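Residue numbers (this note's numbering): 2 to 302. Let me begin by presenting the structure, written as structure tokens, before commenting on it.
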Amino acid sequence: MTDISDVSLEAALSTELAPAKINLALHVTGRRDDGYHLIDSLVVFTRFGDRVGSVAADEDSFEVTGRYAANVPRDASNLVLRAREALRARYGAEKAPPVAITLEKNLPVASGMGGGSSDAAATLRSLARLWQFDIDDAELARIGATLGADVPMCLAARPLVARGTGDELTMLPGFPSLGLVLVNPGVGVATADVFKALAKADNEGLPPLPQQIEFHSMRNWLETTRNDLCPAAESITPSIRYALAALNKADAGFARMSGSGATCFGLYETGNVAKRAAAEIRKRQPKWFVAATRSIPSEDA
Ligand code: ATP
């Protein structure tokens, strides 16, 4: 029998997935005078990620659970709390009353999967719904951009190409769901350190994408692209090579580092093959982060 109080509680709880952001290809195409790097990157988001839940409360609170909870800052620097405060600053405290927020931290921290940015995006979506703000995607993206360059793309959370400093987004139609295994050898890498170690910033942009995107055409296209941050990240964290080797040994159709590392992804033809590969890697490396997942397809795919 359903308890009526449970139903009302559930209705008031606003939960959102904060997907992992995976750079399938990442070319560094320049460096601006202000030090910002320019990129050209094919980005997908996965069904695996963190979860942000918010519910009306008498006073603000913030709880972090999940495998990687211990590595996340609990103070005002956490991007979840910064997102809450950005919405409050924009709409006023009266329209944004106290809220209890829970972050389920399933993504390793500083791992090249944009966990913090995705948490910020999920918080903005969750609170905008809880507080019943009449806010369109463009305005939410403007608020997101004040929290970090990658927050707008995490709000979109669909296959896209990101250019400029990561702020110029082109959504990709007809992009299907891809089978992926994500592997992190258990080391955090600070993005700023990787950019500092980058030897060359003026590389060519991405080649044109295939007309029809599916496993085979994507694998062939990926072979013609790079992650320009990989050599710099490997010089800081040599174990990235072990993660790539583990994916290749587990028959990935293609394997590469995402973002500034150290997480690497393997591309698999089906979700079941990906699950088997993940189980094999996990058995050999029980301490690593290993997740079999699928990417979120385009809206029309
Ligand atoms: P990117 O690829 O965008 O650099 P990343 O996955 O490498 O992201 P994050 O996990 O986003 O890195 O963490 C980057 C930094 O942000 C960490 O040093 C962490 O202390 C801080 N941070 C703030 N809020 C969060 C959050 N909610 N989750 C994770 N890290 C957070």
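Built from N, CA and C at the ideal position, the CB exists for glycine as well. Here the structure is a predicted model, which is why all the values come from computation and not from measurement.
When burial is assigned at 16 or more other CB atoms within 10 Å of the CB, is residue i buried or exposed?
i	result
Pro239	exposed
Ser15	buried
Ser78	exposed
Gly180	buried
Pro211	exposed
Asn249	exposed
Thr171	exposed
Arg75	exposed
Thr271	exposed
Thr147	exposed
Pro160	buried
Ala139	exposed
Asp35	exposed
Thr124	buried
Ser118	buried
Ala13	exposed
Ile5	Residue placement at Ile5 is poorly supported in this model, since its pLDDT is 46, which falls under 50; the coordinates still yield a value, given next. Flag for Ile5 reads exposed.
Met2	Because Met2 carries a pLDDT of 43, less than 50, the predicted location of this residue cannot be relied on, and no value is offered for it.
Lys197	exposed
Ser259	buried
Asp135	exposed
Asp137	exposed
Pro109	buried
Asp151	buried
Asn185	buried
Arg143	exposed
Ala90	exposed
Starting from residue i, follow the alpha helix (DSSP H) in both directions and report where the run begins and ends.
i	result
Gly145	Asp138 to Ala146
Ser248	According to the sequence displayed, residue 248 carries Leu and not Ser. Counting along the chain, the alpha helix (DSSP H) containing Leu248 begins and ends at Ile241 to Lys250.
Glu170	First, the amino acid is wrong: residue 170 is Leu here, not Glu. It is not in any alpha helix (DSSP H) - Leu170 instead sits in the beta strand (DSSP E) that spans Glu169 to Met172.
Gly116	Gly116 to Leu131
Glu235	Cys231 to Ile237
Please look up how many angstroms separate the CB atoms of residue i and residue j, rounded, as I've assumed it's under 8 Å.
i	j	result
Val56	Ile40	The Cβ separation is near 37 Å, so there is no contact.
Ala19	Val53	6 Å
Ser261	Thr192	4 Å
Gly67	Glu105	4 Å
Ala71	Val182	Ala71 to Val182, Cβ: 24 Å. No contact.
Met219	Val44	Not quite, the Cβ-Cβ distance comes to about 13 Å (not below 8 Å), so this is no contact.
Pro177	Ala302	5 Å
Leu27	Asp229	6 Å
Val81	Asp120	5 Å
Ala122	Leu156	4 Å
Ala251	Glu224	With a Cβ gap of about 18 Å, Ala251 and Glu224 do not count as contacting.
Leu199	Ala163	With a Cβ gap of about 17 Å, Leu199 and Ala163 do not count as contacting.
May I ask which residues mark the beginning and end of the beta strand (DSSP E) holding residue i?
i	result
Val291	Phe290 to Arg295
- For the region 85 to 113, which segments carrying the beta strand (DSSP E) assignment without a break, of at least 3 residues, lie completely within its bounds, in sequence order? 100 to 105
- Curious, which full-length beta strand (DSSP E) runs of at least 3 residues does the region 248 to 282 contain? 255 to 258 and 265 to 269
- Message: Report the start-end ranges of each beta strand (DSSP E) in the region 26 to 65 that is 3 residues or longer and not cut off at the edges.
- Response: 38 to 57
- Message: Restricting to runs no shorter than 3 residues, where is the beta strand (DSSP E) found entirely within the region 144 to 220?
- Response: 161 to 165, 169 to 172 and 180 to 185
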